[in-house]
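A.B. asks:
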Amino acid sequence: MAGTVRTYLLLAWTWLRASAQYPGPLITMTIGSFAVHALDVVAIWVIFEHTRSLAGFGPAEVMFLYGTAGLSFALGDMLFGNADRLSHHIRTGGFDAMLIRPVGVFVQTAVDRFGVQRLGRVLQAVVVLSIALSRLDLPWSRAWIIPPMILCGVVIFASIFTLGGALQFLLTDAPEVANAFTYGGSALTQYPLSVYGEELVRGVTFVIPLAFVNWQPALFALDRQDPFGLPSWLRFASPLAAAVLAGAAALAWRAGVRRYRSTGS
Amino acid sequence: MIEVDGVGRSFTVGRRRARRTVHAVRDLSFTIEAGEFVGCLGPNGAGKSTTIKMLTGILAPTSGRLRVAGFDPTRRRTALARRIGVVFGQRTTLWWDLPLRDSFQLIRHLYNVDQKVFRARLGALTDLLGLDEFMGTPVRQLSLGQRVRGDITAALLHDPAVLVLDEPTIGLDVVSKVALRDFLRALNAERGTTVLLTTHDLGDVEKLCRRVMLIDHGSLAFDGTLDDLRATVPDERSIEDVVARLYTEGAAPSPPS
Ligand SMILES: Nc1ncnc2c1ncn2[C@@H]1O[C@H](COP(=O)(O)OP(=O)(O)OP(=O)(O)O)[C@@H](O)[C@H]1O
Ligand SMILES: [Mg+2]
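Chains C and X are the protein sequences, given in the same order. For the first sequence, the residue numbers in this note's numbering are 47 to 311. For the second sequence, the residue numbers in this note's numbering are 101 to 357.
What follows is the structure, given as structure tokens:
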């Protein structure tokens with residue numbers, strides 16, 4: 047584990063240094079990604095110009111949901127979100143080169159081309175979350191749940207990225223399938239789940255546990271009733287959901303690597 | 101050092117109706133002792149690269165058993181990686197966007213090579229393979245021959261006990277080829293490194309390999325010394341002719357199953 051972290055940092059540092067040789071595009075991309083996501087906040091603001099509440103949640107609460115999901119997703123994406131590049135490595139046989147190194151292939155694919163542009167989204171989420179927190183003024187008796195909630199969210203998104211990656215070993219031509227889950231999942235969790243239908247919410251609670259990224263723990267933080275009447279212990283079940291999903295992702299990844307077939311030339 | 105026992109590898113190719121199985125390697129068995137220098141010949145598509153990929157843990161065999169430096173390559177891939185050096189002449193294993201120098205530094209860290217030892221080894225390899233001019237060039241900008249030299253250096257920085265090379269002399273000019281052969285011979289003689297290489301350049305085999313294996317349609321068609329190989333077709337004069345005869349005679353197309 048410590049070795050894995052060390053390898054990650056080492057490779058990330060190497061990529062950062064290599065990318066620092068061309069700083070221009072990086073700065074543009076970081077600012078660009080920050081700006082694009084800042085538009086999301088404008089969207090929230092526009093919604094509340096027309097309505098007092100979104101499925102029973104006020105502006106600060108919506109920003110809280112958006113900020114927590116956004117931060118979990120951005121951190122997960124920054125650290126492990128390389129699933130679509132993986133399919134490129136598989137098709138070109140570049141994955142061969144990772145397999146002959148004495149460190150795990152998971153770390154190597156995750157950190158591949160690590161760059162500062164991955165920070166743009168994180169910064170934006172931090173800004174939104176700070177605004178939401180300053181306006182909500184949550185008591186410590188409920189606010190304590192925020193750090194574990196974000197951590198579990200990172201693990202859940204990272205696991206989904208990994209599952210998407212494992213899928214690439216089977217469907218070499220379909221990186222979109224994985225993206226549908228991860229990016230779709232991030233869009234879904236940005237708003238209160240009560241804006242969606244009950245069926246979908248049950249699906250994301252019990253099948254792909256996206257509801258545990260922020261929705262369930264946020265109900266506790268915001269001291270709300272569950273609009274769908276699900277049991278209240280679910281609010282503290284995020285670590286369990288994250289652990290189960292991470293275990294499944296690890297197994298799928300191993301199975302995927304074993305099925306890797308390289309290329310003919 | 102290398103044990104291959106009844107190893108097979110097949111691929112399913114095509115979709116739906118057109119689906120069929122290609123047997124890239126079938127029931128292959130051989131043993132290579134520590135310190136040997138073995139060349140592997142075979143026509144295109146014979147299964148040489150597939151065999152190398154199984155030996156290095158890149159591909160899992162569909163049947164049979166392998167052991168390299170005491171490890172099962174698929175199960176103990178990362179442990180094996182520390183004992184083995186791998187070069188694919190056709191494709192780099194270096195980081196495409198990193199300058200050669202950075203790639204080497206990265207390898208030093210990944211393999212935990214001591215700084216002093218690393219400097220000495222890199223210095224020696226740089227001199228031997230003439231890397232000085234392009235140390236600061238990103239790998240993607242190197243010519244084929246320059247890149248292969250970089251790859252060979254990278255594979256040797258951690259002083260592996262086994263060196264596996266898939267077409268290492270591809271794209272090398274005459275001078276570099278001679279330099280590389282001298283280098284490999286010395287490595288094998290002085291450090292006792294076990295070397296297994298595949299090639300289409302019979303000069304490599306003539307100049308380097310005490311033992312030759314010929315793979316055809318995924319199985320071993322010949323295993324012995326170069327003289328033994330010559331003796332199989334006594335009326336041909338050059339080694340080229342002998343090998344060409346063996347390739348064409350054994351080249352009856354295998355039925356797809
Ligand atoms: N990833 C793969 N998917 C499908 N078929 C493959 C794959 N890799 C190899 N093959 C098939 O297996 C057979 C052996 O290929 P291999 O690359 O091992 O040949 P080789 O001996 O290295 O040939 P060459 O001298 O041309 O490099 C070929 O028929 C090839 O089409
Ligand atoms: Mg080949």
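Yeah, the Cβ is synthetic: ideal placement off N, Cα and C, and Gly gets one too. Predicted, not measured: the structure shown is a model, and the values here were computed from it.
So does A143(C) have its beta carbon nearer than 7 Å to some heavy atom of ligand 1?
C.D. replies: Position 97 of the first sequence, counted from the start, is the residue given in the question as residue 143(C). A143(C): no, Cβ never under 7 Å from ligand 1.
A.B. asks: Quick check: what's the CA-CA separation for P356(X) versus E349(X)?
C.D. replies: Start at 1 with the first residue of the second sequence, and residue 356(X) comes out as number 256. Start at 1 with the first residue of the second sequence, and residue 349(X) comes out as number 249. Note on P356(X): pLDDT 46, under 50, position unreliable in the model; no value is reported.
A.B. asks: Excluding five sequence neighbours on each side, which residues of the same chain lie with their C-beta closer than 6 Å to the C-beta of L200(X)?
C.D. replies: Taking the first residue of the second sequence as position 1, residue 200(X) is located at position 100. If we look at L200(X) and ignore the five residues flanking it on each side, its Cβ neighbours are M235 and G250.
A.B. asks: Measuring from each Cβ to the nearest heavy atom of ligand 1, keep the ones under 6 Å and list them in chain order.
C.D. replies: Answer in sequence order: R307(C), S308(C), T309(C), G310(C), F111(X), V113(X), V122(X), A124(X), G142(X), N144(X), G145(X), A146(X), G147(X), K148(X), S149(X) and T150(X).
A.B. asks: Between the Cα of R221(X) and those of V264(X), I252(X), F322(X) and A146(X), spot the shortest distance and give me the residue it belongs to.
C.D. replies: Numbered from its first residue, the second sequence carries residue 221(X) at position 121. Looking at the Cα atoms, I252(X) is the closest of the given residues.
A.B. asks: Report yes if the CB atom of L308(X) is closer than 8 Å to the CB atom of R330(X), and no otherwise.
C.D. replies: If you number the second sequence from 1, residue 308(X) lands on position 208. If you number the second sequence from 1, residue 330(X) lands on position 230. Contact: no.
A.B. asks: Which residues in the same chain have their Cβ closer than 8 Å to the Cβ of A267(C), if we skip the five residues on either side of it in sequence?
C.D. replies: Along the first sequence, read from residue 1 onward, the residue named residue 267(C) stands at position 221. Closer than 8 Å at Cβ, skipping near neighbours: F110, L184, R188, A189, I191, I192 and M195.
A.B. asks: Can you find a heavy atom of ligand 2 that lies under 7 Å from the Cβ of D251(X)?
C.D. replies: For the purposes of this step, residue 251(X) is identified with residue 151 of the second sequence, where counting begins at 1. No, the beta carbon of D251(X) sits no closer than 7 Å to any heavy atom of ligand 2.
A.B. asks: Whole angstroms are fine: how far does the CA of G150(C) sit from the CA of A295(C)?
C.D. replies: Looking up residue 295(C) in the first sequence gives position 249. Looking up residue 150(C) in the first sequence gives position 104. Roughly 15 Å between the two C-alpha positions.
A.B. asks: How many whole angstroms separate the CB atoms of G164(X) and L145(C), which I take to be in contact at a CB cut-off of 8 Å?
C.D. replies: Stepping through the second sequence from its first residue, residue 164(X) is reached at position 64. Stepping through the first sequence from its first residue, residue 145(C) is reached at position 99. Going by Cβ atoms, the distance from G164(X) to L145(C) rounds to 19 Å, so no, they are not a contact pair.
A.B. asks: With L256(X) as the anchor, note down where its alpha helix (DSSP H) starts and where it stops.
C.D. replies: Position 156 of the second sequence holds residue 256(X). First-last of the alpha helix (DSSP H) with L256(X): L244 to L256.
A.B. asks: With 8 Å set as the bound, which would you pick, yes or no: does the beta-carbon of E340(X) sit closer than that to a beta-carbon of chain C?
C.D. replies: Counted from its first residue, the second sequence places residue 340(X) at position 240. It does not; no Cβ of chain C falls within 8 Å.
A.B. asks: Less than 8 Å separating the beta-carbons of R307(C) and F137(X)?
C.D. replies: Residue mapping note: residue 307(C) aligns to position 261 of the first sequence, counting from 1. Residue mapping note: residue 137(X) aligns to position 37 of the second sequence, counting from 1. No, these two residues do not count as a Cβ contact at 8 Å.
A.B. asks: Would you say R126(X) and G145(X) are within 8 Å of each other, going by their C-beta atoms?
C.D. replies: To locate residue 126(X), count along the second sequence from 1; it is residue 26. To locate residue 145(X), count along the second sequence from 1; it is residue 45. Going by C-beta atoms, R126(X) is not nearer than 8 Å to G145(X).
A.B. asks: Between the C-alpha atoms of H209(X) and A264(C), what's the straight-line distance to the nearest angstrom?
C.D. replies: Within the second sequence, residue 209(X) is the residue found at index 109, counting from 1. Within the first sequence, residue 264(C) is the residue found at index 218, counting from 1. Their Cα atoms are separated by approximately 42 Å.
A.B. asks: Between S354(X) and the rest of its own chain, which residues show a CB-CB distance below 6 Å, the 5 nearest in sequence each way excluded?
C.D. replies: Position 254 of the second sequence holds residue 354(X). Caution is warranted here: a pLDDT of 42 is assigned to S354(X), below 50, making its placement in the model unreliable, and the coordinate value is therefore given only provisionally. Answer for S354(X): H317, listed in chain order.
A.B. asks: Among the candidates G303(X), D273(X), S319(X) and R219(X), whose CA atom is the shortest distance from the CA of I339(X)?
C.D. replies: Working through the second sequence from its first residue, we reach residue 339(X) at position 239. For I339(X), the nearest C-alpha among the options comes from G303(X).
A.B. asks: With which residues is L297(X) paired in a DSSP beta bridge?
C.D. replies: Here residue 297(X) corresponds to residue number 197 of the second sequence, with the count starting at 1. Bridge partners of L297(X): G139(X) and L265(X).
A.B. asks: Using a Cβ-Cβ cutoff of less than 8 Å, which residues in the same chain neighbour W61(C) once the five nearest sequence positions on both sides are dropped?
C.D. replies: Translated into the one-based positions of the first sequence, residue 61(C) becomes position 15. Excluding sequence neighbours, W61(C) sits near V157, D158, R159, F160 and G161.
A.B. asks: Let me make sure I understand the geometry here. Which of S149(X), A224(X), K216(X) and R240(X) has the alpha-carbon closest to that of I315(X)?
C.D. replies: Residue numbering aside, residue 315(X) sits at position 215 when the second sequence is read from its first letter. That would be S149(X), whose Cα lies nearest to the Cα of I315(X).
A.B. asks: When the Cα atoms are used, what is the spatial distance from A352(X) to G310(C)?
C.D. replies: By 1-based counting over the second sequence, the position of residue 352(X) is 252. By 1-based counting over the first sequence, the position of residue 310(C) is 264. Low confidence applies here, because A352(X) scores a pLDDT of 43, under 50, leaving its location unreliable and the question unanswered by this model.
A.B. asks: Just how far apart, CA to CA, sit R219(X) and F171(X)?
C.D. replies: For the purposes of this step, residue 219(X) is taken as residue 119 along the second sequence, with counting starting at 1. For the purposes of this step, residue 171(X) is taken as residue 71 along the second sequence, with counting starting at 1. Spanning the two alpha carbons is a distance of roughly 29 Å.
A.B. asks: Identify whether T237(X) lies in helix, strand or coil by the three-state DSSP scheme.
C.D. replies: Here residue 237(X) refers to the residue found at position 137 of the second sequence. Three-state DSSP puts T237(X) in coil, outside helix and strand.
A.B. asks: What's the C-alpha gap between A287(C) and L297(C)?
C.D. replies: For this step, residue 287(C) is matched to residue 241 along the first sequence. For this step, residue 297(C) is matched to residue 251 along the first sequence. The alpha-carbon atoms of A287(C) and L297(C) are separated by roughly 16 Å.
A.B. asks: For the segment 129-180 of chain X, list the beta strand (DSSP E) runs that are entirely contained and at least 3 residues long, ordered along the chain.
C.D. replies: Entirely contained in the segment 129-180 of chain X, the beta strand (DSSP E) runs reaching 3 residues are, in chain order, 137-141 and 163-168.
A.B. asks: Out of D227(X), G139(X), V217(X) and T178(X), state which residue places its alpha-carbon closest to the alpha-carbon of H300(X).
C.D. replies: As a first step, residue 300(X) must be located in the second sequence, where it is residue number 200. Minimum Cα distance to H300(X) is reached at G139(X).
A.B. asks: With distance defined between alpha-carbon atoms, name the residue in L213(C), T53(C), V87(C) and G113(C) nearest to L175(C).
C.D. replies: Translated into the one-based positions of the first sequence, residue 175(C) becomes position 129. Closest option to L175(C), Cα to Cα, is G113(C).
A.B. asks: Measure the C-alpha to C-alpha separation of D266(X) and P71(C) and round it to an integer number of angstroms.
C.D. replies: One-based indexing of the second sequence puts residue 266(X) at position 166. One-based indexing of the first sequence puts residue 71(C) at position 25. Approximately 38 Å, taken between the alpha carbons.
A.B. asks: Looking at C-alpha atoms only, which residue of A212(C), L216(C) and S278(C) is the closest neighbour of G293(C)?
C.D. replies: Locating residue 293(C) in the first sequence gives position 247, where the first residue counts as 1. Comparing Cα positions, the closest option is A212(C).
A.B. asks: Shorter than 8 Å from the beta carbon of T269(X) to some beta carbon of chain C?
C.D. replies: For this step, residue 269(X) is matched to residue 169 along the second sequence. No, T269(X) does not count as interfacial toward chain C.
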